[in-house]
Amino acid sequence: MYAHNRDKDEFERKSFEFLKLAHNLSTRHLQYLRSDFYSKAGKFVRDLTNDIHANCLTFKGAAELLQHEIQELSRQDVELVARQAKLYAIVRKEKIDNLMQIGLHQVGFVGGGSQVFGGAGICVASLGAACAGYGVPMLLHGVNNVYENGYYLLFRENASGTVRDAYRYAANKLGFGNQTGDLIYGAVDISTAGYGAFRKVFEPREKSWKLWDEMYNDYFYGWQQMSKVALGNDMLSSGVTGWSMYQLSGEQ
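As structure tokens, then:
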């Protein structure tokens, strides 16, 4: 009789534990089927109780069945929590990566605008002498960078501009691939930016030390004409281009 009461108490304790676990898990993991899940758990306990009363099952056997279900639900709970944590980590990483991409494309967009003005400035300052060799390439790269980075900022998709496509076409014609074309594009991009910053320009006539002789002291580097913001953006834009080239070289 004592063993019977002990088994009955154990069954009732396991029934309470099982129903409490079912309620907690349905609240934690389910949004629309909570009541349905909890109702099924209650029906499972009632079926066990009916089997006991019909002498088809003992209290001890019913308690063991409940313990098995408790362990199974607990295992599933751990797996679901782990998956949610993993999903959160993935979503968070994608969010951080997306913010980084937006930041890089913002830098590229502003840098492209600087290249456009820089290329036009070279053509004007050199009276066309350096236009074909330096001004036009810088201007074209600037327009292309504005397009590619602006497209990403608007549509969150990468796009290849006409100038980059031309580099890729030439690289493929020479037996190389698109990555080689992108590397050359990046190298030219950095070199044009470097020329714009370090080219020598004439001193204005009112500041010139020699009226007619083009002496060394009548020149100063282009970066000395640039504001701190423009110079910093130019350096940052070149750094982003260099990082992209490094990633491309690692993929080859």
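The number in the numbering used here is simply the position in the sequence shown, starting from 1, with 7 added. The beta-carbon is built from N, C-alpha and C at its ideal position, and this holds for glycine as well.
Are the CB atoms of residue i and residue j nearer to each other than 8 Å?
i, j, result
"glutamate 17", "alanine 70", "yes"
"valine 123", "valine 143", "no"
"asparagine 165", "tyrosine 159", "yes"
"threonine 187", "tyrosine 141", "no"
"leucine 72", "leucine 55", "yes"
"alanine 29", "tyrosine 39", "no"
"aspartate 189", "histidine 148", "no"
Which whole-angstrom value is the C-beta distance of residue i and residue j, which I expect to be below 8 Å?
i, j, result
"valine 153", "phenylalanine 116", "6 Å"
"lysine 21", "glutamine 78", "Not confirmed; about 11 Å, so no contact."
"aspartate 84", "leucine 32", "6 Å"
"asparagine 185", "alanine 178", "7 Å"
"glutamate 101", "phenylalanine 25", "Not really, about 38 Å apart at Cβ, beyond 8 Å."
Could you have a look at residue i and say whether DSSP puts it in helix, strand or coil?
i, result
"cysteine 63", "coil"
"asparagine 179", "helix"
"arginine 163", "coil"
"tyrosine 39", "coil"
"glycine 157", "helix"
"serine 133", "coil"
"glycine 184", "coil"
"glycine 168", "coil"
Pick from the options: whose alpha carbon is nearest that of residue i?
i, options, result
"glutamine 108", "Phe162, Asn185 and Arg41", "Phe162"
"glutamate 13", "Ala96, Asp43, Lys67 and Arg53", "With the sequence shown as reference, residue 13 is identified as arginine, and glutamate is not the correct amino acid for it. Among Ala96, Asp43, Lys67 and Arg53, the Cα nearest to that of arginine 13 belongs to Lys67."
"glycine 49", "Glu101, Lys27 and Phe183", "Lys27"
"threonine 65", "Glu19, Gly157 and Lys47", "Glu19"
"leucine 111", "Ala127, Leu146, Glu155 and Ala137", "Glu155"
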